[in-house]
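Numbered according to the working numbering, the sequence shown terminates at residue 1152, and the numbering increases by one at each position without gaps.
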Amino acid sequence: MNSAIKAIAGSLALLMAMAAWPVHSQEVIPDFYKDPGIQPNRSYVNQVFGEFIDPFTGALQLHYVDIHLPGNGGFDLKVVRSYNSTSVEPTNPALHESLAGVGWNIHFGRVLKSRETSICFNKNSQTIADNPVLELPDGSRQLLAFTGTTAPLLITTQRWRADCITSGAGGLAITSPDGTRYDMNQLVNLGGGPYPTYAWLTSRITDRNGNYATIQYAAAASPQISSVVTSDGRSVQFFYADSGMASRRITAISAAGQTYHYAYQGISNVRDKFQLGSVTRPDGLRWIYDYNGNLNNTPGSHIMRRLTYPQGGSIGYQYGFVHFDTQANPASRSTVVTAKSTSTGGNWSFSYAPGRPGAHDVTTVNTPSGTVTYRHIGPNYSSSGSVWMVGLLASKSLGSSQTETYTWGKQKISSENNFRPGAFATKVDIGEFNAPLLAERTITRDNASYTTRYSNFDTYGNPGTISEYGPSSGNRTTSLSYYINPSKWIVRQVQSESHAGGSISRSFDGNGNMTSITRDGIQTRHAYDGQGNLSATTFPRGLTHYYGGYRRGIAQSESQPEGISISRTVSDAGNVTYETRGDGSTWTYGYDGLNRIISVGYPAGNSVQISHGTTTRTVSRGALTQTTSFNGFGQPVSVNHGGIVRSFSVDALGRRTFESDPGTSAGTAYRHDILDRVISIRHADGSTQGIGYGPATRAVVDERGLTTTYRYRAYGDPDQPLLMAISTPEPSTNLSIGRNARGLVTSVTQAGITRSYGYNGSYQLTSITHPETGTTSLGRDAAGNMISRITGTVGTIQYRYDGHNRLQSISYPGSTPDVTHSYDRAHRLLSTATSEATRRFTYDRNGNLTREELAAGGFNWNAGYSYNGNDQLASITYPLSGSTVSYTLDSLGRPTAMPGYISSVSYWPSSQIQRIAYANGVQSEYGQNERLLPASFATSRQGSYFHRSILTYDRTGNLTSVRDTADADYDRTFGYDGVHRLVSMGTSRGRGSISYSGSGNITRQSLGSELIDYRYDSRHRLSSITVNGGPTNHFTYDTAGNFIQSSQKSYTYDAVPNLVCADCWGSSPIRYAYDGDQKRTSTAKAGVTTYEFHGVHGNLLAEYGNGQLTEYIYLNGKRIAQKVSAR
């Protein structure tokens, strides 16, 4: 017989033998439709945390991380708890062996094999039938295929390798593709009568840096985990009921002071087996799980029927039978999820249509947002020779909006025959065991196609070339190479990638830690300690940060340039509890048992306290409290911030469908399509904005019914669009955008005017060209800081930076004073100095500005600021006079009174001012409409109104009229064009109009009998204005685009450019001086110099000139008073 016939005969003989085995235990190599765990080449239905429904198998899966302890070198310790409905045999739930209840798994990985313990010996080298299987903590299984060599001995399609452990009871050393090794040598007989299943459980996990965790068991042949201890001192303890007995089960897991408790319920008529009924978190809240009993011939026996979230939300599941094998074994059936419902009213239904030759398996899921259809390659579709394809996703359609299609290739990893026991055991890939490779994915969305092709695979299944094709010239090819370290088994780590829009290259040490990364020629270097912790990073410009004292993967000390040091204290759970920052300030943090932050201690003032209820979270600081309420699935439904409430609604998919305006039940409603895109926005006044989607376009129909269309470029992913053009209701204003291969904007063109942008080889912006100013050239250092700027003939402006890339100095050409900056060790600006002015800043321990000083032109100013315990501004002490303006604050920090100036201030819930009562008896009232826009404005004293205006708007929020019942001279009407520019008005002086060019320049405006014409030069600068056909006022500009000459005046600028003189060559020049922050410090006019003090916030606080001091008083940044005094 030839080899092929021998192979077939051997496989059939083994299949016949397997068919004769008594069914005492579950098959370790599962049927295609009973494959547990998360598979990398499928798409899952998972609208809520931890839930996955497999549309191919119909299985329900739940995955949680109960314990997570971060570790040094990235070696985190996780206790994973997973539920797989396919693990439950409905007619005999006792077959599932677990420490956490039927259907659940808690372990650190294991190898399974039927009948015998000769795990390293390939008895039947022709077929995989007797091969071991790797089971990961999530329950997913990967078949280990013999490679025909000893290094590695076995391998999976996902490139996990296995090598023989010959010491002790034997076992396998399993290594993941990232170099993490699992010693699976705790041999356990899982039972099953004369044909048992054996498991080799993980006893040690070692990462590629040598960090390790030891899993300790109750006895030599016991699956009962007693503890896990890591090389850096972390530990996890396991506690049991019925320890050492067949009914043993985990009752608690504890680590770092946090304990999870597990409660169970018995299974009727099933001895020594239990179902997990609840898991109680460290905060006392519980996950609750309910199961069906024995339903006999009704689907769903012993499988989960409902899960309840700790916040109270619940999900119910219904099941059905599907006969996937209608040919070879019509009696074979699978239990599948057929319906899902949530306590919030969401409903899903699942229907399954098994495939046939030439037809895929089809699963149709009706969701709250529409119908999703999955097509998989099933065993009825495939035949011998294509068994490797079974279970792969062929396509996924989301309504009529989007279809994803997948094309697969294969890579041979073993010469063993590939098949699956069970209903489809007669289908065999003879002489080859293949790993599937994704060759192409095409997403067709709104009739536009986005294709990604993968090719040039290496022997580890890594693609060397990725080619993408999308709309609007979205074509790109990326070349990749990989860092391959066979001895460490690091085989999936990208080393370099390049395409027309840039390149990235990386270097690694012998443990696979990245020692350098070079992006488009700019390099960052890293160094590591013996545990793989980052010990130093040298950023571009040679700036090195050092890290040390690691605990739980967090550096407890940092040393940075400019003498900055940071120290931290880290708890056993891996939380930062204490931090001293560069300026010496100390911050403290507290956490609960779920590692949620519950307190923040500031260096000064009030601390923050956070408390968590079942469905609430309350954050308080001093008198300010914010309470967030959640629904049963942990989604926010209301926020009460200082007594102002906003409410929210979400649909069954967690999408926000409504948000109220502050303090009212009215608000904005949203509708979504099946792709979760917003398609409608309805405002509180009933106006609506619609959004439609086409081939790489988005059309927005505004509240006036006007459509603006946005066109995009994308490569292989439509969710990463680049805006390329905008078409507006006014075609003359249409805009187009040019981009380079990196996606950066290179040009913007509107109405024939183009603005251009250039980049260097590192894709840093190096030039900007505007018609008005010509080209501005920008120099860059390796960190991307701008180090020079040249515009026109002004000369070169140079910039220098310190060791934290903070701007240190600016050197201007000519007579413009240079500027220097200094900073404290918390990165706060301490001073800005020039030869003409120096500004200094002082801060409190929380970083609030408490004092600013200005010395300029021989004149000295200083202002003081004080704050309450919540860091809210409470008073300002004005310079020169030393007078203090105090603010009476509400809990939100809003001023409610300013003694001496304002008697009271009240606010709308939106925080817009509602009423101001001034100390002089004047009061102002502000109305608000449904859209939170100002609806009225009135100013009065003792019932006598100076102004009493009513404001109206169109549906997009454009102001359309002002009607003043106190003085009709203030009445106005306004009209707008299709891009919301003001084009018409009506006043007591008559009607008016405004005309524009496509680029937005005003070309003409009229009001009553007055007519103004505007003209522009070839560089689109305003060149002249003519009023009523009279004399024309002409304008001249310098090479930097500054306006320097009109028909009546001349203007002079420094290199910044700041206006330093107006009408310098005339009889009445006005001269201006500035500090290094470009705030004006003085104005000299007609022989009188007026000195000015602008605060850091930009407000003019005071000015002094000719013996008179004027102080300006502000409320929420708006000037409300001034005080004049002789000095």
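For every residue, glycine included, the Cβ atom is placed at its ideal position computed from N, Cα and C.
Here the structure is a predicted model, which means the values were calculated and not measured.
- Put simply, the backbone Cα of residue 615 is about 11 Å away from that of residue 636.
- Comparing alpha carbon positions, the residue from 340, 619 and 324 closest to residue 90 is 619.
- In this structure, the CA atom of residue 755 is about 18 Å from the CA atom of residue 999.
- Under the DSSP assignment, residue 760 falls in the beta strand (DSSP E) whose first and last residues are 760-764.
- Three or more Cβ pairs closer than 8 Å define a contact, and the stretch 222-232 falls short of that threshold against the stretch 518-534.
- In this structure residue 161 is buried. Its beta-carbon is surrounded by 16 or more other beta-carbon atoms within 10 angstroms.
- Annotation for residue 798: 816, 817, 1065 and 1066 place their beta carbon closer than 7 Å to its own, counting only its chain and skipping 5 residues before and after.
- The residue from 405, 1020 and 1056 with its alpha-carbon nearest to that of residue 1004 is 1020.
- Within the model, the alpha-carbon separation for residue 244 versus residue 125 is close to 18 Å.
- Taking the C-beta atoms as reference points, residue 599 is found no nearer than 8 Å to residue 626.
- Membership of residue 570 in the beta strand (DSSP E) is indicated by the continuous run 568-573.
- Residue pairing by DSSP puts residue 263 in a beta bridge opposite 278.
- With respect to the 8 Å criterion, residue 431 and residue 739 are not classified as neighbours on the basis of their beta carbons.
- Rounded to the nearest angstrom, the Cβ distance from residue 685 to residue 679 is 18 Å, too far for a contact under 8 Å.
- The straight-line gap separating the alpha-carbon atoms of residue 184 and residue 570 is approximately 36 Å.
- Here DSSP, grouped into helix, strand and coil, assigns residue 958 to coil.
- Straight-line measurement puts the Cα of residue 939 at about 15 Å from the Cα of residue 915.
- Inter-residue distance for residue 1089 and residue 1095 is about 7 Å (C-alpha atoms, whole angstroms).
- According to DSSP, residue pairing for residue 604 in a beta bridge involves 593 and 612.
- Assigned with DSSP and collapsed to three states, residue 297 falls in strand.
- Taking 3 residues as the minimum length, the beta strand (DSSP E) runs contained wholly in the stretch 781-833 are 790-795, 799-805, 811-816 and 821-826, in order along the chain.
- Here residue 854 carries a strand assignment [DSSP, helix/strand/coil].
- In the structure shown, residue 1110 falls within a strand segment according to DSSP collapsed to helix, strand and coil.
- Rounded to whole angstroms, the separation of the alpha carbons of residue 873 and residue 607 is 16 Å.
- In summary, residue 379 is buried, with 16 or more beta-carbon neighbours lying within 10 Å of its beta-carbon over all protein chains present.
- Spanning the alpha carbons of residue 81 and residue 139 requires a straight line of approximately 26 Å.
- Rounded to whole angstroms, the separation of the alpha carbons of residue 989 and residue 974 is 4 Å.
- In the three-state DSSP reduction, residue 412 falls in the helix class (H, G or I).
- Under DSSP, the beta-bridge partners assigned to residue 381 are 384.
- Taking the Cβ atoms as the reference, residue 399 lies roughly 57 Å from residue 813, outside the contact range of under 8 Å.
- Looking only at 820, 154 and 845, the smallest Cα-Cα distance to residue 442 is reached by 154.
- Burial state of residue 621 is exposed, judged by a 10 Å Cβ sphere holding fewer than 16 other Cβ atoms.
- Under the three-state reduction of DSSP output, residue 120 falls in the helix class.
- By alpha-carbon distance to residue 777, the top candidate from 1013, 877, 585 and 1044 is 1044.
- Each of 1018, 736 and 1023 was checked against the Cα of residue 1035, and the nearest Cα belongs to 1018.
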